[in-house]
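Let me begin by presenting the structure, written as structure tokens, before commenting on it.
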Amino acid sequence: MKLFDRLTGRSALRAENSQLSEQVSQLAHKVEQVGRQARNMRGAIRAAGHFKAAEKHRLTESWDSTPVPINQQLQQELHTMVARSRGLAKNDPYYRRFLGLAKNNVIGHAGFRFAANVKTNGDKIDKRASQAIEKAWKRASKKGVLDYRGRHSLKQLCDLMLTSLLRDGEVLALKVRSRKIQPFGFAIQLLDPLLLQLNSDHAPGKIGHKITLGVEFNSDGRRVAYWLHSTDTTHDDYYTLQGRGYIRIPADRIIHEFLDEYIDQARGFPLGVAAASRHFKLDQYEDAELSGAAISASTMGIIERGEDDTGFNGENEPGYDDTDDEEDDEDFYMEVEGGTFQQLPHGAKLNTWDPQHPNQAFKDFVKAILRGIAAALGVSYFSLANDLEGINFSSGRLGALEDREVWKALQSWMIENLLQPIFEEWMGQALLMGAIRFNSGTPLNPADRWRYTESATFNGRRWAWVDPQKEINAHKEAVALKVASRSEVIRERGREPEEVWDEIQREEEELKKRGISPESADKALAKTKQPPAEKEPKTDEEEQEPPYDDS
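My numbering applies: residue 33 is where the sequence shown begins, and numbers increase by one.
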């Protein structure tokens, strides 16, 4: 038998099968070890603290897990976001409140204060040039001068630009330079940002340029032109692309600014997008509660037929024709007046109906939603909702200070990105037109343009505190201790030191000219000071708070 196996090769085959089975067993054992090590590694990672935001399971299926480039996302969603933001600005009371707060606190009733602060080559204030420029800018700020359409003052233009920034996410304007525009040869024309619509991988006649959301970029990623949707076929730079008409305008003629949140962001988006869904759903909820409350207040009850469903009069007598009463039975209702008793028809039953609207949780629920909206917009809840209930002095002061930091940040943004560029463009054209003159009538030298613009400042509005006496005393102590200067205090109040000192000097000179001694005027003012008002009794909540130093 063994001889037969050797001759047929069965012995070698059996040995090979046995060796193969042993190798398979060893491989299975190694795979099991690797699996065990992997499971141990995952457990170690969990124990060490992994990123929970990266977890993928049934409960996170609707959570985005693939990042999308910002410009690609804006191409798909920008118009929808702007449309919904504009809808909220027209119809939502809280969003309108936010826009109103922004205009009142960022721009204010008088707009931004301007000071030329022109310096001589010796770094001293050039009062003659400063006065000439400030006088010309004051004239340019009047209604219809800087606005190309001739309708708005500079303050009103600032209101519109701020609204466009917050509501649409960006500001778009055209710089118009022409000697036909009197007296300064310069104006700005505000444009609707939705005119920027074109997307193309190639710009006509420009190698390596691409157009993203209406903005043309060169190969270095710099903005070189803007493509505005237009039907003006007579324009020199009119093009027809993708079946629509566009005008190409060089970037140096366009003001396009927005709040950057991404490195390569081409366009801005509305500030309130994070709160837009809450705005919309809260508005629907309040409308539903209001409708429910109106129904609840208007309806007393429901009159129910008898169980036999034969009408309010019970069983009909033989031969009785009830066709005339059917409509009366179906349309029966009661008019109730105070101090009266009503009798129901036979077989009828009155069921009262009380929907309980608005429900008890309505107030707290609306507050919770508005707190989220306020957080997304960057303002305090009590400012947005106009709700001062339960606000004491300390918490109100803290919320107001945080709000003011937001407004000051927006003021700085507007000054740097809008007012300064507009002023510099205006200055260049006004100097060429000879529209800025000294008191003697001599025009300022256009060659000194940068000297006239480099020290110019704009100051936003500031806010008086509820206790101005404490504020003034705090400033006096800070100046006395040399931890603050008078100039710093003046700037905190929204003015320039030179402006205040010049005003004081003119005032004292005018008093002396009229035979009034400034010292006697100060003494008379001191005598008229009223005694301090009695302090109001503190509430229990305020008495529990630690003392707060307003300085």
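We treat Cβ as the ideally placed atom computed from N, Cα and C, and that holds for glycine.
These numbers were taken from a predicted model, which means no experiment stands behind them.
Straight through space, the alpha carbons of residue 172 and residue 413 are spaced by roughly 38 angstroms. Every unbroken stretch of the alpha helix (DSSP H) spanning 4 or more residues and falling wholly within the region 429-473 is given here in chain order: 452-465.
Look at residue 294 here: in three-state DSSP terms it is coil, with no helix or strand label. Shown here, residue 221 sits in a strand according to DSSP, grouped into three states. Just measuring C-alpha positions, the residue of 201, 202, 200 and 217 sitting nearest residue 208 is 217. Our two residues, residue 66 and residue 97, have alpha carbons roughly 29 angstroms apart in a direct line. The straight-line gap separating the alpha-carbon atoms of residue 387 and residue 304 is approximately 35 angstroms. Residue 180: not part of any beta strand (DSSP E); DSSP gives it neither H nor E. When the alpha-carbon of residue 455 is set against those of 431, 233, 104 and 488, the nearest one is in 488. With respect to the 8 angstroms criterion, residue 492 and residue 83 are not classified as neighbours on the basis of their beta carbons.
By the criterion of at least three beta-carbon pairs nearer than 8 angstroms, the region 524-544 is in contact with the region 142-162. Taking all protein chains in view, the Cβ of residue 112 is surrounded by fewer than 16 other Cβ atoms within 10 Å, so the residue is classified as exposed. Considering only 128, 51 and 318, the residue with the shortest C-alpha distance to residue 399 is 318. The beta carbon of residue 410 is closer than 6 angstroms to those of 438 in its chain, skipping five residues each way along the sequence.
Taking a C-beta distance under 8 angstroms as the contact criterion, residue 134 and residue 192 do not qualify as a contact pair. Per DSSP, residue 279 lies in no alpha helix (DSSP H); the unbroken beta strand (DSSP E) holding it starts and ends at 276-282. Here the region 161-176 makes no contact with the region 100-115; the two share fewer than three CB pairs at distances below 8 angstroms. Across the structure, residue 521 and residue 533 are spaced so that their CA atoms are roughly 13 angstroms apart. One Cα belongs to residue 164, the other to residue 476, and the distance between them is close to 9 angstroms. Residue pairing from DSSP places residue 491 in a beta bridge opposite 145.
Of 473, 472, 61 and 480, the smallest CA-CA separation from residue 461 is found for 480. A buried status is given to residue 139, since no fewer than 16 other beta-carbon atoms sit within 10 Å of its beta-carbon. Excluding its 5 nearest sequence neighbours in each direction, residue 294 has C-beta neighbours in its own chain below 8 angstroms: 102, listed in chain order.
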